[in-house]
Amino acid sequence: MYFVEIIKDSWKSLLSNKVRTFLSMLGIIIGVAAFVTVVSIGQGTSESIKKNLTSIGTNLIYITPGYKGGRSGKAAISLSELLTEDDVEVIRNSVNNIVYALPFNSLNGIARYKSFNTFSSILGAPPEIFEMLSLGLADGEFFSQEDERSRRSVCIVGYDVAQDLFPDGDVVGKKIYVTVGKVRKSLKIIGVLKESGNILFLNPDRSIIIPFSTSKYLANRQYISSILVQASSEKTVKEVTNQIDEIMFNKFGDENMYRIISQDTILQNVNQAMSLVSLMLGAIAGISLLVGGIGIMNVMLISVVERIREIGIRKAIGATKTDILFLFLIEAVMITLLAGIIGIGLSYILSYVLTSFTQLNSLITITNILIAIGFSSMIGIIFGLLPAIRAANLDPIEAIRYE
26 MYFVEIIKDS
36 WKSLLSNKVR
46 TFLSMLGIII
56 GVAAFVTVVS
66 IGQGTSESIK
76 KNLTSIGTNL
86 IYITPGYKGG
96 RSGKAAISLS
106 ELLTEDDVEV
116 IRNSVNNIVY
126 ALPFNSLNGI
136 ARYKSFNTFS
146 SILGAPPEIF
156 EMLSLGLADG
166 EFFSQEDERS
176 RRSVCIVGYD
186 VAQDLFPDGD
196 VVGKKIYVTV
206 GKVRKSLKII
216 GVLKESGNIL
226 FLNPDRSIII
236 PFSTSKYLAN
246 RQYISSILVQ
256 ASSEKTVKEV
266 TNQIDEIMFN
276 KFGDENMYRI
286 ISQDTILQNV
296 NQAMSLVSLM
306 LGAIAGISLL
316 VGGIGIMNVM
326 LISVVERIRE
336 IGIRKAIGAT
346 KTDILFLFLI
356 EAVMITLLAG
366 IIGIGLSYIL
376 SYVLTSFTQL
386 NSLITITNIL
396 IAIGFSSMIG
406 IIFGLLPAIR
416 AANLDPIEAI
426 RYE
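So this is what it looks like as structure tokens:
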């Protein structure tokens with residue numbers, strides 16, 4: 026029996042019972058669709074996060090207060106022990122190979138303009154922050170060193186904040202009111218940021234950036250939220266981090282009282298987290314594929330019983346054990362291969378829906394597709410082998426007599 030004829034016969038057999046063929050394919054379709062979707066969403070989201078992080082370089086270092094009871098604790102340390110502007114000066118004067126060391130305040134507040142209001146992050150930083158984070162303007166201008174020195178009540182609003190407060194699009198020059206706790210202050214908008222998405226630990230689109238000196242009035246406190254440091258290059262990040270670690274340890278005497286986070290650390294954590302999530306969800310999808318494989322084996326065993334007379338006739342007219350083996354094995358592989366292709370098509374639809382209605386990103390690669398197809402075919406071979414062997418070993422005389 027020629028190979029082409031075997032394929033034709035297998036195809037005819039599948040078409041002769043379409044419902045059973047589809048039901049046997051269903052588990053594989055779901056498994057492949059789930060596998061490709063999960064892996065592609067994981068890779069796409071991971072790549073998106075990496076892109077956002079590396080778009081501003083990979084030489085930023087972020088220093089924040091630590092926690093009581095160690096880094097895994099939940100309660101913040103007492104306010105008197107947090108970071109101050111003096112720490113920024115020490116870093117500027119003591120650490121080599123840095124471009125900037127900036128104090129940074131992060132406050133949560135409500136911004137209002139006439140009848141419109143929106144929740145936003147109020148970020149206080151010196152004007153160097155715009156260059157450090159590679160922020161661009163859609164309109165207006167950044168505030169200056171003079172604005173910083175004079176504690177001027179000016180601000181740069183993020184893209185989403187501008188959309189929320191000014192639906193008509195006329196933003197620059199307007200005055201808004203921001204409320205942080207019990208403190209209320211009017212700010213003149215002098216610029217609007219371009220849409221950027223998340224950058225490092227910030228979401229500039231939903232932020233209002235003001236001079237650091239102005240933020241101290243809103244914060245009504247002596248300490249600062251964090252310190253941002255820009256190393257001279259990616260190669261010096263580790264050296265700079267070690268120097269800062271020494272300074273902070275000398276101040277606090279306890280490494281749990283502060284945290285030093287570099288972009289490289291964030292990237293590693295992102296990769297580990299996304300890999301773990303993809304592995305767990307991929308394992309679930311793999312179980313679905315195995316269940317689908319068992320379903321195919323059961324269907325093929327039923328098919329062998331139903332086609333005993335056909336097998337006997339084939340053997341009587343010259344078909345060998347190998348011919349029968351290949352006939353049923355190819356049927357199983359064709360079922361899983363076709364199911365795999367349909368599953369891949371379904372994964373494109375699922376990925377499109379998920380990325381359209383969420384902030385997730387998808388990246389379906391040729392590698393993922395080939396793995397899915399290869400795994401589907403392998404399941405067809407593994408779970409189709411037992412029915413194929415059983416069919417091949419049937420005695421032709423007994424098979425022909427079978428009713």
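Reminder that position 112 of the sequence shown reads as 137 in my numbering, one-by-one numbering, no gaps.
Where is the CB? At the ideal position from N, CA and C, for every residue including glycine.
Small disclaimer: the values here were computed from a predicted structure and weren't measured.
Does the distance from the C-beta atom of residue i to that of residue j stay below 9 Å?
| i | j | result |
| --- | --- | --- |
| F168 | G216 | yes |
| S146 | G134 | yes |
| M273 | E280 | yes |
| S232 | V182 | yes |
| M322 | L411 | yes |
| Y87 | V254 | yes |
| I154 | I234 | yes |
| L243 | V196 | no |
| V64 | L371 | no |
| I309 | F129 | no |
| L148 | S240 | yes |
| N229 | R176 | Note on identity: in this sequence residue 229 is Pro, with Asn being the wrong assignment. Their beta carbons are not under 9 Å apart, which means P229 does not touch R176 by this criterion. |
| T383 | G69 | no |
| I74 | L314 | no |
| L212 | K200 | yes |
| A413 | I349 | yes |
By DSSP's criteria, residue i is part of a beta bridge. Which residues make up the other side?
| i | result |
| --- | --- |
| S287 | I86 |
| K213 | V179 and K200 |
| S238 | None, per the DSSP bridge assignment. |
| Y125 | Q255 |
| F144 | I135 |
| D164 | V217 |
| A150 | P236 |
| V205 | V208 |
Helix, strand or coil, according to DSSP, for residue i in the structure here?
| i | result |
| --- | --- |
| R137 | strand |
| G409 | helix |
| S300 | helix |
| S131 | strand |
| I66 | helix |
| I102 | Any reading at I102 is ruled out, since the residue's pLDDT is 47, under 50, leaving its predicted position unreliable. |
| F191 | coil |
| I309 | helix |
| M26 | Caution is warranted here: a pLDDT of 48 is assigned to M26, below 50, making its placement in the model unreliable, and the coordinate value is therefore given only provisionally. Three-state result, M26: coil. |
| L419 | coil |
| L314 | helix |
| L388 | coil |
| G91 | coil |
| N42 | coil |
| L158 | coil |
| L48 | helix |
Over what stretch of residues does the beta strand (DSSP E) that includes residue i continue unbroken?
| i | result |
| --- | --- |
| Q491 | The question about residue 491 has no answer, for the chain in this structure spans 26 to 428. |
Which stretch, first to last residue, makes up the alpha helix (DSSP H) that contains residue i?
| i | result |
| --- | --- |
| L375 | K346 to F382 |
| D172 | Q170 to R174 |
| K276 | V262 to F277 |
| N118 | E110 to S119 |
| G337 | I333 to A341 |
Buried or exposed: residue i, going by 16 or more other Cβ atoms within 10 Å of its Cβ?
| i | result |
| --- | --- |
| S376 | buried |
| F408 | buried |
| A298 | exposed |
| N84 | buried |
| F351 | buried |
| E356 | buried |
| E171 | exposed |
| E271 | exposed |
| M305 | exposed |
| G405 | buried |
| E173 | buried |
| N386 | buried |
| V151 | It should be pointed out that residue 151 corresponds to Pro in this sequence rather than to Val. By the neighbour-count rule (16 or more Cβ atoms within 10 Å), P151 is buried. |
| D112 | buried |
| S328 | buried |
| P192 | exposed |
| F141 | exposed |
| F353 | buried |
| V330 | exposed |
| A341 | exposed |
| R246 | exposed |
| G206 | exposed |
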